[in-house]
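Chemist:
Residue numbers (the working numbering): 72 to 364.
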């Protein structure tokens, strides 16, 4: 008998990669203690190596951390790490150094809930091919908290402006727009009745296959906020496509596949390696795991 497959599971539309989120921090020393020493991630060794910005590699995604007043994403970022116990041990080791900040972490049933020194929330999971595909180390999703009654309009916005694969679903008892933004990557806009903090300028970046048509659709509606260069533009507002009413505000950095940084390989170190227990050949950490075929 011929095997059958769910071919739609491999569809991810015109948006093909969520590469980075960007939140500013006031202190690069504390950011290094948290993201590099505590979380076990890797500072990019090749680009942005000064003291006014830092790029942190997490599999094939990054967190960008320019130095200025702190920004806090309104929601949380989902991360996959190879070993939650090892990560918890690393975070415990920096607890004393981060005393007096908002830093904290707690172990749940299937994840580690972590708060950075300035209040950004991360939910860390171990690899699960049924949930996150082959990601062993990476950023499978970002969740934004959005006002009640906006999920349908947000899903339509991404579907019609970007030709994205979208759905509206239940997320822990709340309505949410799910936008596929890469292979086993998505952005979730989850409705909440709680007050949503004022937008502080944080942003995220997406790569597109068809770069020009979404630009034209955004430009027709007066939504382009920056014509960055030949390979990139930015916009801020997600709107209701009928009324023009703003549904949510968050800056999008949109790049083409011809952008010089597209597909750039990221170094991911193995944080278990130390000068005391060094093992040759084990410097790098695997960011993907093969499917069971």
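We put the beta carbon where it would ideally sit given N, CA and C, even for glycine.
Bear in mind the structure is a predicted one, so any value in this text is a computation, not a measurement.
Alpha carbon to alpha carbon, how far is residue 141 from residue 236?
Modeler: Computed Cα separation, rounded: 33 Å.
Chemist: Just reading off the beta strand (DSSP E) that residue 278 is part of, what are its end residues?
Modeler: Residues 274-279.
Chemist: Taking 8 Å as the limit between beta carbons, can you name the residues of its chain near residue 171, skipping five residues before and five after?
Modeler: Nothing meets the Cβ criterion.
Chemist: Apart from the five residues just before and just after residue 119, which ones in its own chain have a Cβ nearer than 6 Å to its Cβ?
Modeler: Here the set comprises 126.
Chemist: If I'm right that residue 368 touches residue 286 with Cβ under 8 Å, what's the distance once you round it to whole angstroms?
Modeler: Because residue 368 is not part of the residues shown, which for the chain are 72 to 364, the question remains open.
Chemist: Leaving out five residues before and five after residue 354 in sequence, what residues of the same chain have Cβ atoms less than 7 Å from its Cβ?
Modeler: 340, 341 and 344, listed in sequence order.
Chemist: I'd like to check one pair, residue 150 with residue 210: are the Cβ atoms closer than 8 Å?
Modeler: A contact, by the Cβ cut-off of 8 Å.
Chemist: Can you check which of these residues, 81, 131, 173 and 269, is closest to residue 276 by C-alpha distance?
Modeler: Selected option, being the one with the closest Cα: 131.
Chemist: Check whether the region 223-234 and the region 200-210 touch, using three or more Cβ-Cβ pairs below 8 Å as the test.
Modeler: Cβ pair count under 8 Å is below three, so no.
Chemist: Which of the three DSSP states, helix, strand or coil, is assigned to residue 147?
Modeler: Residue 147: strand per DSSP, three-state reduction.
Chemist: Quick check on residue 283: does DSSP put it in helix, strand or coil?
Modeler: Helix, per DSSP.
Chemist: Roughly how many angstroms lie between the CA atoms of residue 88 and residue 186, to the nearest whole one?
Modeler: Cα-Cα distance, rounded: 25 Å.
Chemist: Using 10 angstroms around the beta-carbon of residue 301, count the other beta-carbons present and answer buried if the total reaches 16, otherwise exposed.
Modeler: The residue in question, residue 301, is exposed, as its Cβ has fewer than 16 Cβ neighbours within 10 Å.
Chemist: On a Cα-Cα basis, can you pick out the residue from 252, 290 and 166 that is closest to residue 90?
Modeler: Residue 252 is the option with its Cα nearest to residue 90.
Chemist: If distances are taken between C-alpha atoms only, which option among 336, 122 and 230 comes closest to residue 95?
Modeler: That would be 122, whose Cα lies nearest to the Cα of residue 95.
Chemist: Buried or exposed for residue 356, going by 16 or more other Cβ atoms inside 10 Å?
Modeler: Residue 356 should be labelled buried.
Chemist: As a quick exercise: from 112, 222 and 289, pick the residue whose alpha carbon is nearest that of residue 232.
Modeler: The option with the nearest alpha carbon to residue 232 is 289.
Chemist: Using 8 Å for Cβ pairs, my map puts residue 295 next to residue 282. What's the rounded Cβ distance?
Modeler: Contact flag wrong, Cβ pair sits at about 13 Å.
Chemist: Hey, residue 128 and residue 338: beta-carbon distance below 8 Å or not?
Modeler: Cβ distance < 8 Å, so residue 128 and residue 338 count as in contact.
Chemist: Where does residue 261 fall in DSSP's three states?
Modeler: DSSP places residue 261 in strand when its eight states are reduced to three.
Chemist: Taking the continuous alpha helix (DSSP H) assigned at residue 224, which residues delimit it?
Modeler: Element bounds for residue 224: 222-233.
Chemist: What does the Cβ neighbour count give for residue 248, buried or exposed, with the cut at 16 atoms within 10 Å?
Modeler: That one is buried.
Chemist: Could you pull out every residue in the same chain whose Cβ sits closer than 7 Å to the Cβ of residue 190, ignoring the five residues on either side in sequence?
Modeler: The residues are 143 and 173.
Chemist: Nearest to residue 83 by CA position, among 284, 166, 230 and 313, is which residue?
Modeler: Here the closest residue by C-alpha is 230.
Chemist: Since residue 218 sits in a beta bridge, which residues does DSSP pair it with?
Modeler: Partner(s): 263.
Chemist: Give the secondary structure of residue 26 by DSSP, where H, G and I count as helix, E and B as strand, and everything else as coil.
Modeler: Past the edges of the chain, shown from 72 to 364, lies residue 26, and the structure says nothing about it.
Chemist: Okay, do the region 154-166 and the region 103-115 touch, 3+ Cβ pairs below 8 Å being the bar?
Modeler: They touch, by the three-pair rule.
Chemist: Kindly give me the distance between the Cβ atoms of residue 217 and residue 262, rounded to whole angstroms, as I take these residues to be in contact under 8 Å.
Modeler: Indeed, because the Cβ distance is near 6 Å, the residues count as touching under 8 Å.
Chemist: Using alpha carbons as the reference points, say which of 188, 138 and 268 lies closest to residue 162.
Modeler: Among 188, 138 and 268, the Cα nearest to that of residue 162 belongs to 188.
Chemist: If you reduce the DSSP assignment to three classes, tell me which class residue 201 lands in.
Modeler: Residue state, collapsed to three classes: helix.
Chemist: Mapping the DSSP letters down to three states, classify residue 253 as helix, strand or coil.
Modeler: Three-state result, residue 253: strand.
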